[in-house]
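As structure tokens, the structure follows; a few thoughts come after it.
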Amino acid sequence: MSLASAFEPTRLVPPTDAGDDRWTLNFGPQHPATHTTLQLVLELQGERVVGCVPHIGYLHSGFEKLGEHLNYNQYVVVTDRMNYISPIVNNVAWHTAVEKLLGIPLTPRCKAIRTLVGELGRIQDHLLCLAAAALDLGALTGFLYGFNERETIYDLLEELCGARFTVSYTRVGGVSQDLPPGWLDKVRHFVDVQLPPALVDLENLLLRNRIFIERCKGIGVITQEDAVGWSLTGPIARASGVRRDLRKDEPYLCFEDNWDNKGAPALDFKVPIADGGDVLARFLVRLEETEQSQHLIRQLIDLMPGGPVNAVSDERVTLPNKQEIYFSIEGLISHFEKVMTNRGLHPPLGEAYGAIESPTGELGFHLVSDGGNSAYRARCRPPGFINYQIFPKIIVGHQISDVVAVLGSLEIIAAELDR
Amino acid sequence: MATADVIAALQEAFPDLGIEARPLCVYLDGRSSGQEFVRIPPERLIEVARFLRDDPRTRMDQLSDVTCVDYLNYPDAEDRFGVTYALLSIPHNHRLWLKVYVNDPEPTVPSVVDVWPGANWPEREVYDMFGVRFDGHPDLRRILCPDWFVDHPLRKDYPLTGKGERTEFKILERDSA
Chain A
404 MSLASAFEPT
414 RLVPPTDAGD
424 DRWTLNFGPQ
434 HPATHTTLQL
444 VLELQGERVV
454 GCVPHIGYLH
464 SGFEKLGEHL
474 NYNQYVVVTD
484 RMNYISPIVN
494 NVAWHTAVEK
504 LLGIPLTPRC
514 KAIRTLVGEL
524 GRIQDHLLCL
534 AAAALDLGAL
544 TGFLYGFNER
554 ETIYDLLEEL
564 CGARFTVSYT
574 RVGGVSQDLP
584 PGWLDKVRHF
594 VDVQLPPALV
604 DLENLLLRNR
614 IFIERCKGIG
624 VITQEDAVGW
634 SLTGPIARAS
644 GVRRDLRKDE
654 PYLCFEDNWD
664 NKGAPALDFK
674 VPIADGGDVL
684 ARFLVRLEET
694 EQSQHLIRQL
704 IDLMPGGPVN
714 AVSDERVTLP
724 NKQEIYFSIE
734 GLISHFEKVM
744 TNRGLHPPLG
754 EAYGAIESPT
764 GELGFHLVSD
774 GGNSAYRARC
784 RPPGFINYQI
794 FPKIIVGHQI
804 SDVVAVLGSL
814 EIIAAELDR
Chain B
228 MATADVIAAL
238 QEAFPDLGIE
248 ARPLCVYLDG
258 RSSGQEFVRI
268 PPERLIEVAR
278 FLRDDPRTRM
288 DQLSDVTCVD
298 YLNYPDAEDR
308 FGVTYALLSI
318 PHNHRLWLKV
328 YVNDPEPTVP
338 SVVDVWPGAN
348 WPEREVYDMF
358 GVRFDGHPDL
368 RRILCPDWFV
378 DHPLRKDYPL
388 TGKGERTEFK
398 ILERDSA
């Protein structure tokens with residue numbers, strides 16, 4: 404029996420007896436405007452969308468199952484592959500949850516480094532979203548301006564941890580390696596000199612473009628009530644007037660008061676809120692968040708504390724640095740105790756949920772531990788997956804050309820959608 | 228705003244359920260992680276969910292996530308599946324987790340899509356991955372796995388390598404390939 408005849412496929416679009424000239428259009432899974440692999444089945448009346456069924460799962464690769472077999476340090480490699488637009492944010496989210504489960508405090512330097520790379524990740528993500536939005540709506544130039552700056556962030560990340568794309572930077576209780584000498588000056592140059600004029604260019608290319616504005620304004624409106632009820636988070640919810648940002652409401656890392664244990668106040672930034680709820684409002688919120696992230700990075704460079712980067716006070720959990728592993732027997736034994744399959748970390752029996760404000764929304768991991776070396780269950784709360792489910796509701800009634808505008812504004816990354 | 232007030236409101240509204248707050252995690256040194264869950268019987272879930280959403284003391288207006296844990300070989304576990312609802316109150320800024328335990332052969336939980344529309348896809352994912360059915364769900368289809376798939380891959384008895392995939396394939400050698 405062939406695979407195709409082995410099952411009855413699910414109805415793509417509910418049949419209708421309206422009797423008019425409705426037709427069905429298959430959009431994706433391979434379509435330039437979906438950027439990744441996702442499929443929409445649109446029911447059209449002329450060019451107007453009257454029904455839409457999204458189909459996802461083309462990139463499902465069992466990340467949560469893998470989380471039950473890899474240990475807490477190994478799994479960070481898998482998190483890179485979720486939202487690969489800003490992989491370093493996923494690393495930080497994963498280890499935020501693991502440290503919540505283990506209950507270990509971080510050093511101030513580690514907190515500052517993680518916050519800084521998290522904000523770099525936010526700039527990286529928003530640049531892609533804005534640039535790709537321009538591309539989808541026909542303004543190719545904007546795409547190039549956005550990608551140029553992303554390239555610099557890749558270079559910075561490469562210098563930081565040796566990988567441009569899949570960085571796997573964090574470790575339990577710390578990060579894989581300290582900042583290289585002179586790195587902060589390069590970041591400062593990036594946020595002070597290089598990025599601001601490019602952002603002005605990008606902003607002008609988008610917001611002084613009448614075609615762009617008219618294709619975004621009043622399209623794909625999400626009301627505040629819907630944003631809350633449909634579990635939307637991040638810039639999409641804030642563009643609909645929901646006042647929630649985990650950095651302010653459930654502060655973590657350097658967004659918390661007294662993060663350096665010497666009474667430092669939380670970092671200063673503003674949370675942009677818009678009340679339009681349309682595609683344009685979502686892009687405006689992202690533009691302003693990029694500005695705020697630069698402001699945060701400048702503060703972090705000035706405040707960057709010294710001291711150890713890993714939580715040395717708790718040698719049960721952090722990996723020793725390579726110097727100790729290669730040149731002392733104690734370091735080698737300590738390393739073996741943590742990486743060998745019959746040793747490793749032993750978190751308490753229980754569950755923990757750790758979440759951070761990722762560029763696309765609340766990215767959290769719900770971990771269940773049975774006391775063993777790897778998680779018993781590693782649930783990811785993927786913001787893209789949960790944000791995407793409102794799409795069929797908001798697209799109905801729009802023209803077919805608006806589909807790409809709305810899709811771009813929700814910022815769907817299929818690898819995170821399907822995990 | 229502490230979750231203690233939410234628990235007190237729940238206990239007052241549902242005295243017959245014997246609701247008690249339990250910490251999600253207690254660290255080795257005895258501290259609690261500060262996250263708490265309550266256990267709800269499946270037949271009362273909708274009632275409790277509506278109360279938590281609408282009561283001014285709780286105002287759990289957002290369902291952050293629905294997930295499930297297969298407690299097949301978990302130490303001291305009595306039930307098989309624990310469907311976990313992560314609730315969030317945006318006005319009060321507090322969270323609470325609900326756990327609904329269900330068992331084989333036909334694990335079924337009422338769907339909360341009518342209470343929070345955002346439960347739609349997370350519930351489909353739990354159905355796909357664990358085979359827990361959601362009564363009253365408007366569109367309970369598989370979401371990540373293909374339609375012809377028969378297993379539920381996140382169940383603990385499902386192997387990492389894939390059922391049958393790794394054992395029943397034709398072995399090819401260099402000259403037969």
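Those sequence lines, one after another, are chains A and B. Sequential numbering from 404 applies to the first sequence in this note's numbering. Sequential numbering from 228 applies to the second sequence in this note's numbering. Each residue gets a CB set at the ideal place from its N, CA and C atoms; glycine is no exception.
The beta-bridge partner set that DSSP reports for F308/B consists of D297/B, V329/B. If you check each beta-carbon in the stretch 279-306 of chain B against every beta-carbon of chain A, the ones closer than 7 Å belong to D288, Q289, L290, S291, D292, T294, V296, Y301, P302. In the three-state reduction of the DSSP assignment, D362/B falls in the strand class. G363/B has a beta carbon lying at 9 Å or more from every beta carbon in chain A. In the three-state scheme derived from DSSP, where H, G and I count as helix and E and B as strand, Q477/A is classed as coil. When Cβ pairs closer than 8 Å are counted between the two stretches, the stretch 228-244 of chain B is seen not to touch the stretch 464-484 of chain A, the count staying below three.
Secondary structure note for L255/B: it is in no alpha helix (DSSP H), with a DSSP letter that is neither H nor E. Against P344/B, the close residues of chain A are G632, W633, in the order they occur along the chain (beta-carbon pairs closer than 7 Å). Taking CB atoms only, P334/B has no neighbour in chain A less than 9 Å away. Just so you know, the alpha carbons of S812/A and H738/A end up roughly 45 Å apart. As the crow flies, the alpha-carbon of L722/A is around 40 Å from that of Q792/A. Look at Y557/A here: in three-state DSSP terms it is helix.
In this structure, L447/A sits near V453/A, with a CB-CB distance shorter than 9 Å.
Residue pairing by DSSP places Q442/A opposite H458/A in a beta bridge. At least one CB atom of chain A sits nearer than 9 Å to the CB of F264/B. DSSP, reduced to helix, strand and coil, places G767/A within a strand of the structure shown.
Listed in chain order, the non-local C-beta contacts of Q627/A below 8 Å within the same chain comprise S643, G644, V645, D678, G680, local neighbours out to five positions each way being set aside.
With a 10 Å radius around the Cβ and a threshold of 16 neighbouring Cβ atoms, T693/A comes out buried. Around A755/A, the beta-carbon contacts reaching into chain B at under 8 Å are L251, C252, S260, Q262. Taking each of F357/B, A346/B, D362/B in turn and checking the Cα distance to D384/B, the smallest one comes out for F357/B. Apart from the 5 residues on each side of it in sequence, N494/A sits with its Cβ closer than 8 Å to the Cβ of V479, T482, D483, V570, S571, Y572, T573 in its chain, given in chain order. Where I759/A is concerned, the enclosing beta strand (DSSP E) starts and stops at 753-761. Secondary-structure assignment with DSSP links F672/A through no beta bridge to anything. In this structure, E471/A keeps its C-beta atom at 9 Å or more from the C-beta atom of G757/A. For the stretch 438-464 of chain A, the residues whose beta carbon sits under 8 Å from a beta carbon of chain B are, in order, I459, G460, H463. Residue-level contact by beta carbon fails for A231/B and chain A, as no gap is shorter than 9 Å. By a beta-carbon distance limit of 8 Å, D663/A contacts P511/A. Their separation comes to about 4 Å.
Closest in C-alpha terms to G541/A, from the list S761/A, A684/A, L608/A, comes L608/A. Between D292/B and Y328/B a beta carbon distance of about 18 Å is seen, past the 8 Å cut, so the two are scored as non-contacting.
Note on the stretch 660-743 of chain A: there is no whole beta strand (DSSP E) run with a minimum of 3 residues.
DSSP, read as helix, strand or coil, puts W343/B in coil.
When Cβ-Cβ separations below 9 Å define contact, D256/B makes contact with chain A. Remark: C-beta atoms of V340/B and E333/B do not approach each other more closely than 9 Å.
For Q695/A, no CB of chain B lies under 9 Å from its own CB, so it is not counted at the interface with that chain.
Of Y461/A, L443/A, P708/A, N661/A, the smallest CA-CA separation from N429/A is found for L443/A. Think of a sphere of 9 Å around the beta carbon of A313/B: the chain A residues whose beta carbon falls inside it are Y756, G767, H769, R784, in chain order.
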